[in-house]
Amino acid sequence: MSVNKTSIIISREYSERVKKKSFIITTILVPVLMLALSVLPTLIIVFAGGGETKTVAVIDDSGLILQNLTDNEEVRYIAAEGTQEELLSADEIYGLLVIDRNIVKRPSGVKLLTPNASSLAVENNITSQMEKIIETEKLKSYDIDNLDQILDNVKTSVTLQTLRTDENGEEGESQSAAISSAIGTLLNFLLYMFLVLYGSLVMNSIIEEKNNRVLEIVVSSIKPTQLLIGKVIGVGLVAVTQIIIWVAIVLCITTMILPAVMPADIMNEVTALNAGSMDISNSSIDQDMAIALGMFTNVGYVLELVGYLFLFLVGGFLFYASIFAMIGSAVDNIQDASQLQMLGIVPVIIGLVSSMAVIPNPNGLFAIIMSMIPFTSPMVMMARVPFDIPAWQIVVSIVLLYLSIFFMVWIAAKIYRIGIFMYGKKPTVRDLIRWARYK
39 MSVNKTSIII SREYSERVKK KSFIITTILV PVLMLALSVL PTLIIVFAGG
89 GETKTVAVID DSGLILQNLT DNEEVRYIAA EGTQEELLSA DEIYGLLVID
139 RNIVKRPSGV KLLTPNASSL AVENNITSQM EKIIETEKLK SYDIDNLDQI
189 LDNVKTSVTL QTLRTDENGE EGESQSAAIS SAIGTLLNFL LYMFLVLYGS
239 LVMNSIIEEK NNRVLEIVVS SIKPTQLLIG KVIGVGLVAV TQIIIWVAIV
289 LCITTMILPA VMPADIMNEV TALNAGSMDI SNSSIDQDMA IALGMFTNVG
339 YVLELVGYLF LFLVGGFLFY ASIFAMIGSA VDNIQDASQL QMLGIVPVII
389 GLVSSMAVIP NPNGLFAIIM SMIPFTSPMV MMARVPFDIP AWQIVVSIVL
439 LYLSIFFMVW IAAKIYRIGI FMYGKKPTVR DLIRWARYK
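Structure representation (structure tokens):
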């Protein structure tokens with residue numbers, strides 16, 4: 039009978055939230071927003087990067103720079119004719135570049151005068167070109183024939199291909215620390231958002247029902263512990279539902295849309311890369327881009343990440359939702375909860391900060407320790423998973439997290455059964471400890 043009552047609470051909490059317009063909107067809007075944010079920088083560069091070419095008048099007292107400046111779509115360089123006031127007041131002149139006669143010996147002897155705020159693109163264009171010109175002039179003093187050609191021949195770009203090896207020393211899949219870091223960071227913030235958002239949702243729901251005196255009526259027919267478990271699981275299922283929908287959208291994009299919009303030759307390389315039949319160093323596209331496309335179009339890899347995310351999301355939510363439920367039962371309003379809420383938010387923030395710290399060294403001692411502590415393991419371990427860490431560490435972290443849930447729920451339930459009947463007094467941490475010690 040008690041199981042049926044708990045299931046009723048779970049069903050009520052779940053159905054009440056998934057039917058809300060806010061849930062439907064955020065479930066659809068967040069993936070669209072994330073996609074838009076990934077495309078937005080490119081669109082800004084394309085549409086905002088254009089515009090009219092800016093004309094810069096140049097007073098070159100050195101006689102070395104102006105003749106070697108090259109025009110492009112951003113800047114056009116002309117010799118200054120007229121006074122400084124006339125040039126700066128002319129509508130067609132963007133700015134006046136004044137170059138000192140001893141610019142080679144004193145590279146700081148250059149000024150850009152503009153009537154309005156200067157553009158960073160223009161400044162970078164000027165400085166980069168002048169640096170090359172001055173370097174060329176300095177190299178001439180060494181009196182070496184064909185020095186430019188020699189330097190071009192000597193210039194080398196190294197492409198580092200990182201491969202994982204098995205215990206027999208055999209080469210495995212291509213890896214990229216940059217891509218793994220980006221994936222770990224993305225999963226980390228997603229996990230942080232869910233823990234704080236849905237944990238606070240549990241707390242706010244309890245505070246609202248406590249203010250309406252609904253809890254006093256409900257606990258007359260169901261034990262407080264069952265009510266707590268029902269609320270936590272019900273809200274947790276809402277988070278799981280949202281994750282499943284998002285995963286379905288991601289899989290649809292990576293398995294159907296992405297292969298359809300990408301050029302056929304690139305997709306052939308990505309397919310060969312996933313099959314292990316192509317050397318990444320022979321790819322016609324950037325190495326990191328090839329690895330990223332290979333990861334995102336590899337359904338098995340995506341499902342593996344999603345599986346780990348699911349396990350740590352559920353475990354982390356149950357752990358932290360118990361803390362937020364405990365806080366919600368102890369206070370009468372949101373204002374009183376703000377101070378105690380730090381008990382749930384601060385550990386999550388510590389986990390988030392720690393995960394950022396372990397990304398540069400995902401196999402270090404600090405990373406291993408922080409990924410085993412239940413308070414920080416969801417965030418830290420999800421930051422490490424994309425680096426293909428040993429499986430036993432993931433298993434131990436998951437086991438420790440889920441074992442700690444029973445202890446946290448037990449503590450929260452003891453405080454919950456006292457707190458829901460307390461009114462008119464703002465509890466302290468000492469009060470919560472005293473309630474937890476009651477038999």
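Quick note: the sequence shown uses my numbering, first residue 39, plus one each step. Ideal Cβ placement from N, Cα and C applies to all residues, glycine included. For clarity, every value in this text was computed on a predicted model and none was experimentally measured.
Original post:
Shortest alpha-carbon distance to Glu112 belongs to which of Gln105, Glu161 and Val278?
Top reply: Glu161
**OP:** Using the DSSP secondary-structure output, state which residues sit across from Lys92 in a beta bridge.
**Re:** Val113
Original post:
Short check: CB of Ile432 to CB of Tyr346, under 8 Å?
Top reply: yes
**OP:** Closer than 7 Å by C-beta to Leu125: which residues in its own chain qualify, once you throw out the five before and the five after it? Chain order, please.
**Re:** Ala95, Ala118, Ile131 and Leu134
Original post:
Does DSSP put Lys170 in a helix, a strand or coil?
Top reply: helix
**OP:** Drop a sphere of 10 angstroms on the beta-carbon of Lys269, count the other beta-carbons inside from all chains shown, and report buried for 16 or more, exposed for fewer.
**Re:** buried
Original post:
With burial defined as no fewer than 16 other Cβ atoms inside 10 Å of the residue's Cβ, what is the status of Tyr236: buried or exposed?
Top reply: buried
Original post:
Roughly how many whole angstroms lie between the Cα atoms of Ser218 and Phe404?
Top reply: 19 Å
Original post:
Which residue's Cα is closest to the Cα of Tyr52: Gly366, Leu177, Val240 and Asn249?
Top reply: Val240
**OP:** Have a look at the DSSP bridge pairing and note the partners of Asp98.
**Re:** Ile137
Subject >> Nearest neighbour of Glu246, chosen from Thr121, Gly274 and Ser367 [CA to CA] >> reply: Ser367
Original post:
Measuring CA to CA, which of Ile47, Val276 and Gln187 is closest to Lys58?
Top reply: Val276
**OP:** Take Pro424 and list the residues in its own chain whose beta-carbon comes closer than 6 Å to its own, dropping the five residues that flank it on each side.
**Re:** Ser218, Ile221 and Gly222
Original post:
Is the number of C-beta pairs between the segment 429-443 and the segment 349-366 that are closer than 8 Å three or more?
Top reply: yes
**OP:** Count the other C-beta atoms from every protein chain shown that fall within 10 angstroms of the C-beta of Ile393, then say buried if there are 16 or more, exposed otherwise.
**Re:** One detail in the question is off: residue 393 reads as Ser in this sequence, not Ile. Ser393 comes out buried.
Original post:
Looking at C-alpha atoms only, which residue of Ile436, Gln122 and Asp138 is the closest neighbour of Leu104?
Top reply: Asp138
**OP:** Compare the C-alpha of Val273 against each of Tyr358, Val288 and Ile383 and name the closest.
**Re:** Tyr358
Original post:
What do you get for Met294, buried or exposed, if any count of 16 or more other CB atoms within 10 angstroms of its CB means buried?
Top reply: exposed
Original post:
Roughly how many angstroms lie between the CA atoms of Met231 and Trp284, to the nearest whole one?
Top reply: 14 Å
Subject >> Pick from Thr108, Tyr180 and Val192 that is closest to Ser166, judged by C-alpha positions >> reply: Thr108
Subject >> CB of Ala474 within 8 Å of CB of Ile449, strictly >> reply: yes
Subject >> Closest by C-alpha distance to Met417, when choosing among Asn401, Gly389 and Lys178 >> reply: Gly389
**OP:** Please classify Arg422: is it buried, with 16 or more other beta-carbons within 10 angstroms of its beta-carbon, or exposed?
**Re:** buried
**OP:** Using the Cα positions of Ile116 and Leu189, report the straight-line distance between them to the nearest angstrom.
**Re:** 30 Å
Original post:
Do you know offhand how far Leu102's Cα is from Lys178's?
Top reply: 13 Å
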